[in-house]
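Enquirer: Residue numbers (my numbering), protein chains in the order written: chain B, 237 to 393; chain X, 237 to 393.
Here it is in structure tokens:
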């Protein structure tokens, strides 16, 4: 009943809808500036900037994962950075999130990737519990820093 | 006196030395399993998994930055993930770290990249102060999760 398949260029409208639904869930409904053209260019060209898998339940789009490759200089090999993972509310409690992680773990084994890394909102306890049930551990000592548009332009001048 | 240049394949021995020196500083001297062959294969092949710049002070290797491209589905464009940044102790207090960030910011402007993201150890106050002086802000609500070798294999079975 559940199918997990790599996304195709014809899926960009669906992917953007899922990205927006996830942003709503993350309490950032206005954060999504991406367009279908952006996702088509960056995900389905000669050198894809990201990869995406779609989960379908009896043919209905139920969720997705979007990832790219990171790199560990300690391990000397790439890994998976999971940027987005989302299962639509109507399709939850059916093991779809776990099945997507199994799909990613098999990809990691096949391609000899060292790790799967992602981030979770600290108030999202159901997600944290779910990730712990998969065997994932939170990084304790590392804090994420970022420099965005205005800071980048200031520094580049 | 300071030169910042993209690394070449002839630099892999130097890069590995700098990765090891950084791991020592991060109190994880035994964490580096990477070999020169790994870095050569992953950084200097047809589809590089990472990119690297070398900072030289009067021709002496003084530091480096190693990065790859991440992707923001909110922005619909790639960004820079800075995996490693390191300046050798003998070359500190000369603005080399800042100059490397300026180099990265100019790359971001040139390639229309939305953000530069990295992580810092929470006890590394000198680094946190330096990053704040560049205009960077720590992410507050996001916690990093990871699944490594044993967890990946268990899930993939």
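A virtual CB, placed ideally from N, CA and C, is assigned to each residue, including glycine. Here the structure is a predicted model, which means the values were calculated and not measured.
Roughly how many angstroms separate the alpha carbons of residue 347 (chain B) and residue 320 (chain X), rounded to a whole number?
Expert: Straight-line Cα distance between these residues: approximately 23 Å.
Enquirer: Closest Cβ-Cβ distance between residue 351 (chain B) and chain X: below 8 Å?
Expert: Judged by the 8 Å Cβ criterion, residue 351 (chain B) is in contact with chain X.
Enquirer: Taking beta-carbon pairs under 8 Å, can you tell me which members of the segment 313 to 343 of chain X lie near chain D?
Expert: Protein chains in the displayed structure are B and X, and chain D is not among them.
Enquirer: Below 9 Å on C-beta distance, what does residue 270 (chain X) contact in chain B?
Expert: By Cβ distance, chain B contributes 308, 309, 310, 311, 312, 313.
Enquirer: Flag residue 267 (chain B) as yes if its beta-carbon sits less than 8 Å from any beta-carbon of chain X, otherwise no.
Expert: It does; some Cβ of chain X falls within 8 Å.
Enquirer: Going along chain X, which residues have a C-beta under 8 Å from residue 392 (chain B)?
Expert: Under the 8 Å cutoff, chain X gives 338, 341, 342, 344, 345.
Enquirer: In angstroms with no decimal places, state the Cα-to-Cα distance between residue 296 (chain X) and residue 323 (chain X).
Expert: One C-alpha to the other measures close to 12 Å.
Enquirer: What does the alpha-carbon distance come out to for the pair residue 256 (chain B) and residue 309 (chain X)?
Expert: Going by the C-alpha atoms only, they are around 9 Å apart.
Enquirer: Are the C-beta atoms of residue 299 (chain X) and some chain B residue less than 8 Å apart?
Expert: Cβ-Cβ to chain B under 8 Å: no for residue 299 (chain X).
Enquirer: Take residue 370 (chain X) and list the residues in its own chain whose beta-carbon comes closer than 6 Å to its own, dropping the five residues that flank it on each side.
Expert: These residues qualify, in order along the chain: 337.
Enquirer: Please state the DSSP three-state secondary structure of residue 268 (chain X).
Expert: Residue 268 (chain X) falls in the coil class under three-state DSSP.
Enquirer: Does the beta-carbon of residue 237 (chain X) have 16 or more other beta-carbons within 10 angstroms, so that it is buried, or is it exposed?
Expert: Its Cβ having fewer than 16 others within 10 Å, residue 237 (chain X) is exposed.
Enquirer: According to the Cβ coordinates, are residue 253 (chain B) and residue 276 (chain B) closer than 8 Å?
Expert: No, the Cβ-Cβ distance between residue 253 (chain B) and residue 276 (chain B) is not below 8 Å.
Enquirer: Am I right that residue 315 (chain X) and residue 340 (chain X) are in contact with their C-beta atoms under 8 Å? What's the rounded C-beta distance?
Expert: Contact doesn't hold; Cβ gap of about 11 Å is too wide.
Enquirer: So what's residue 280 (chain X) in DSSP terms, helix, strand or just coil?
Expert: In this structure, residue 280 (chain X) counts as coil in the three-state DSSP scheme.
Enquirer: Should residue 255 (chain B) be flagged as near chain X, meaning a C-beta pair shorter than 8 Å?
Expert: Chain X contact via Cβ: present.
Enquirer: DSSP puts residue 242 (chain X) in a beta bridge; with which residues?
Expert: Per DSSP, X:289.
Enquirer: Ordered along the chain, which non-local residues of its own chain (more than five positions away) have a Cβ less than 8 Å from that of residue 247 (chain X)?
Expert: Around residue 247 (chain X): 288, 290.
Enquirer: Of all the CB atoms in chain X, is at least one closer than 8 Å to the CB of residue 241 (chain B)?
Expert: So no, residue 241 (chain B) is outside the interface.
Enquirer: Suppose you measure from the CA of residue 380 (chain B) to the CA of residue 355 (chain X); what does that come to, to the nearest Å?
Expert: Distance between the alpha carbons of residue 380 (chain B) and residue 355 (chain X) is about 4 Å.
Enquirer: Would you please state the rounded distance, in angstroms, between the beta carbons of residue 327 (chain X) and residue 301 (chain X)? I believe it to be under 8 Å.
Expert: In fact, because the Cβ distance is near 14 Å, the residues do not count as touching under 8 Å.
Enquirer: Could you check the C-alpha separation between residue 236 (chain X) and residue 239 (chain X) for me, to the nearest Å?
Expert: Nothing about residue 236 (chain X) can be read from this structure; chain X reaches only from 237 to 393.
Enquirer: Can you check DSSP and say which residues form a bridge with residue 353 (chain X)?
Expert: In DSSP, residue 353 (chain X) forms a bridge with B:382, X:317.
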